[in-house]
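Participant:
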Amino acid sequence: MTFHATISGYADPAMHAQGLYIGGKWEKGAGIPVIDPSSGAVLAEVPDASVNDALRAVDAAEAAATGWRRTPPRQRSEILRRWFQLMTQHGEELALLISLENGKALPDARGELAYAAEFFRWYAEEATRIPGEYRHTPSGAHNILVDHEPIGISVLITPWNFPAAMATRKIGPALAAGCTVILKPASETPLTAYAMARLGEEAGVPPGVVNVLTTTNPAGVTNAMLADPRVRKLSFTGSTGVGRQLLAEAAKTVVSCSMELGGNAPFVVFDDADLEAALDGAMIAKMRNAGEACTAANRFYVQAGIHDAFVNGLTARMAALKIGPGYDPATQCGPMITPRAVQKIDHLVSNAIELGARATTGGAPLVGDGYFYPPTVLDNVDVNSAIAREEIFGPVAPVYKFETEDQVIELANNTEYGLAAYVYTRDMKRAMRVGKGIETGMVGINRGLMSDPAAPFGGVKQSGLGREGGVTGILEFMEAKYFAVEF
Ligand code: NAD
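Per this note's numbering, the very first residue in the sequence shown carries number 51; after that it's consecutive.
1) Just checking my contact of Gly312 with Tyr467 at CB under 8 Å: how many whole Å lie between their CB atoms?
2) Do Leu146 and Tyr377 have their C-beta atoms within less than 8 Å of each other?
3) When you compare the CB of Gly487 with every CB in chain D, is at least one pair closer than 8 Å?
4) Between which two residues does the alpha helix (DSSP H) carrying Ala114 extend?
5) Cβ atoms of Gly222 and Phe286: under 8 Å apart, would you say?
6) For the alpha helix (DSSP H) containing Arg324, name the first residue and the last one.
7) Going by C-alpha distance, which of Pro200, Cys383, Val399, Asp432 is nearest Ala369?
8) Within a Cβ cutoff of 8 Å, which residues of the same chain sit near Leu325, ignoring the five residues on either side of it in sequence?
9) Return the Cβ separation of Asn401 and Ser435 in integer angstroms, given the expectation that the two are a contact with Cβ distance under 8 Å.
10) Specify the secondary structure class of Val259 as computed by DSSP and reduced to three states.
11) Taking the alpha carbon of Thr208 as the reference point, which residue from Val319, Gly418, Tyr244 has its own alpha carbon closest?
12) For Ser512, count neighbouring C-beta atoms within 10 Å of its own C-beta (all shown protein chains included) and say buried if the count is 16 or more, exposed if not.
13) Can you find a heavy atom of the ligand NAD that lies under 7 Å from the Cβ of Phe317?
14) Checking the sheet assignment: what are the DSSP bridge partners for Pro83?
15) Taking the straight line between their C-alpha atoms, what separation do you get for Ala191 and Thr454?
16) For Met137, which of helix, strand or coil comes out of DSSP?
17) Hey, could you find the ends of the alpha helix (DSSP H) Met478 is sitting in?
18) Where Ala347 and Arg185 are concerned, what is the direct C-alpha to C-alpha distance, given to the nearest angstrom?
19) Would you check whether the ligand NAD has a heavy atom nearer than 7 Å to the C-beta of Pro97?
20) Rounded to a whole number of angstroms, what is the C-alpha to C-alpha distance between Gly420 and Leu195?
21) Whose C-beta lies closer than 8 Å to the C-beta of Val231 among residues of the same chain, with five residues either side of it excluded?
22) Per the DSSP calculation, Arg349 is bridged to which residue(s)?
23) What's the gap between the Cα of Gly73 and the Cα of Ala104?
24) Which runs of the alpha helix (DSSP H) spanning at least 4 residues fall entirely within the region 150 to 197, listed in chain order?
25) State the beta-bridge partners of Thr411 as determined by DSSP.
26) Specify, as a first and last residue, the run of the beta strand (DSSP E) that Phe422 falls within.
27) Within 10 angstroms of the Cβ of Ala366, are there 16 or more other Cβ atoms? Answer buried if so, exposed if not.
28) If you reduce the DSSP assignment to three classes, tell me which class Phe527 lands in.
29) Going by alpha carbons, who is nearest to Gly485 out of Thr522, Pro316, Arg390, Thr290?
30) Tell me where the beta strand (DSSP E) around Arg282 begins and ends.
31) For Thr465, count neighbouring C-beta atoms within 10 Å of its own C-beta (all shown protein chains included) and say buried if the count is 16 or more, exposed if not.
32) Less than 7 Å separating the Cβ of Cys344 from some heavy atom of the ligand NAD?
33) Could you check how far apart the C-beta atoms of Met309 and Glu342 are, in whole angstroms? I think they sit under 8 Å.
34) Compute every distance between the C-beta of Pro389 and the non-hydrogen atoms of the ligand NAD, then say whether any falls below 7 Å.
35) Can the beta-carbon of Tyr173 be found less than 8 Å from the beta-carbon of Phe320?
36) So the alpha helix (DSSP H) Tyr450 belongs to, where does it begin and stop?
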């Protein structure tokens, strides 16, 4: 791995990894440039793993598997706990690294880092509480004993928008359950993953328990690992399109899949809502990571009586945000990840404007270095616009006016996605009714942020399969084994 001037000026390269991490060894290499999205400059270069490298990682994960599953839960727990402590200790440096390679503003990066580290602490605690079950058969004549065993070698694939948290949300429960893993982070943001692996090594994770590789051939590398009968689990976070392809691939060897996919979150504001609280929540739900979040509010449905005040308030707040490189401490809205991401946002906004929407602030990409799109509010958006169906993944808030509760539930459900929804009202009965009516895995009620390692995170419909975090997250990496017992 080569570090270029830009990165060495900001972060200590000694903390970072040297290359592919397989079987506890760092293998030097190059081939994948990592770009600073605020300037387009190359930050570093990381190795480009081949199919053969990936299969060597499976060999390493297999060599470590028996030892790790037999390591007492208390010991696995203590390693995870030390990893949490090291992540916290190196928090500022890791946050800077996240900001550099992902572009997100430093406060967002710090928030992600704390959230990411917390998965290690949470699963350090859960490692020692793996549930079992004992009951009588209905006849009363026999006994049912249920054990949970580690599922086996797990392939973990993560996106670029939360380079630390999406990895720890998988590694934490997998290691707590007793599984060995191969992590393939997104090529846009591999430095954070490698840096975390370095800390894992320091925390005492044995060689081969966690392997990390980056590649420009994600399909080839992943398909080869899925075809290997030693691999028993795929845990993927990313787009619904890639998730569908991976489900089809995993079907060939019947590999267990957990899928955290895309979203199209509705943010519903009723007339009786506390306007200031709704605006605060809207800014968090929309602008965390400059809108590059799967839970990001993607459609603002605002009841007619509060609509104008909400649009004015949101416009003022969005227009006041300071745009700049994520690692500049003054920045509130960083760049998008790639020029392609800016083009997609531009296309969605232009299409909405063609269909009658009005930009009350923003509305066109910024010209100059880096991949910037300004905070934008669109009013009077036509529900048939592409922006109503597709993930924006950027700092754009489209607002739609609605009249009745039934109407807004129908509008909210008019999507293939079902990850997150937000409801603002002072009437708790209505909040619960609407929350239940919206087909989604998570609902924020008078809250703009729902992510919490202690809560089950995940979606319904085409937003995914399974849940991460919470008390059930560890079971995604375990298989129930039933013993029919005669005493
Ligand atoms: P993506 O699907 O393009 O890529 C995700 C990961 O999959 C990357 O590591 C990528 O290299 C890899 N990949 C791409 N094609 C692959 C293939 N054919 N086989 C195997 N791996 C492949 O997604 P992205 O652009 O990195 O991330 C943004 C998407 O992730 C959004 O849709 C967002 O909603 C979703 N996301 C979901 C959650 C969640 O928890 N539900 C969280 C964060 C992001």
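Backbone N, C-alpha and C fix where the C-beta goes; we use that ideal spot for every residue, glycine too.
Facilitator: Looking at the atomic coordinates:
1) Yes, Gly312 and Tyr467 are in contact; Cβ-Cβ is about 6 Å, under 8 Å.
2) Cβ atoms of Leu146 and Tyr377: closer than 8 Å.
3) The chain labelled as chain D is not found in the depicted structure, where only one protein chain is given.
4) Run containing Ala114: 101 to 120, per the alpha helix (DSSP H) assignment.
5) Cβ atoms of Phe286 and Gly222: not closer than 8 Å.
6) In the sequence under discussion, the amino acid at residue 324 is Asp, which differs from the Arg named in the question. Looking at the DSSP string, Asp324 is not in any alpha helix (DSSP H), and its letter there is neither H nor E.
7) From the listed residues Pro200, Cys383, Val399, Asp432, the smallest Cα separation to Ala369 is found for Cys383.
8) Cβ neighbours of Leu325 beyond the five flanking positions: Ile356, Ala359, Phe360, Gly363.
9) Right, their Cβ atoms sit about 6 Å apart.
10) Under the three-state reduction of DSSP, Val259 is assigned to coil, being neither helix nor strand.
11) Closest by alpha carbon: Tyr244.
12) Checking the sequence, you will find Gln at residue 512 rather than Ser. With 16 or more Cβ atoms within 10 Å of its Cβ, Gln512 is classed as buried.
13) Phe317: no, Cβ never under 7 Å from the ligand NAD.
14) The partner list for Pro83 (beta bridge, DSSP) reads Glu95.
15) One C-alpha to the other measures close to 57 Å.
16) It is helical.
17) Run containing Met478: 478 to 487, per the alpha helix (DSSP H) assignment.
18) So the two alpha carbons sit approximately 44 Å from each other.
19) No, the beta carbon of Pro97 sits no closer than 7 Å to any heavy atom of the ligand NAD.
20) Taking the CA atoms as reference points, Gly420 sits about 58 Å from Leu195.
21) Cβ neighbours of Val231 beyond the five flanking positions: Ala111, Ile203, Ser204, Val205, Leu206, Lys220, Ile221, Ala224, Leu225, Val259, Val260, Asn261.
22) In the DSSP output, where bridge partners are listed per residue, Arg349 has Pro316.
23) Straight across, the Cα-Cα distance linking Gly73 with Ala104 is about 11 Å.
24) DSSP runs (the alpha helix (DSSP H)) wholly in the region 150 to 197: 156 to 176.
25) Its beta-bridge partners are Val427.
26) Neither: Phe422 is in no beta strand (DSSP E) and is coded neither H nor E.
27) By the C-beta density criterion, Ala366 is exposed, having fewer than 16 other C-beta atoms within 10 angstroms.
28) Three-state result, Phe527: helix.
29) Residue Pro316 is the option with its Cα nearest to Gly485.
30) 281 to 287 is the span of the beta strand (DSSP E), which, as asked, contains Arg282.
31) Label assigned to Thr465: buried.
32) Because some heavy atom of the ligand NAD lies under 7 Å away, the Cβ of Cys344 counts as near it: yes.
33) By a beta-carbon distance limit of 8 Å, Met309 does not contact Glu342. Their separation comes to about 19 Å.
34) Checking the Cβ of Pro389 against the ligand NAD gives no.
35) Judged by their CB atoms, Tyr173 and Phe320 are not nearer to each other than the 8 Å cut-off.
36) No alpha helix (DSSP H) contains Tyr450, which is instead part of the beta strand (DSSP E) from 446 to 452.
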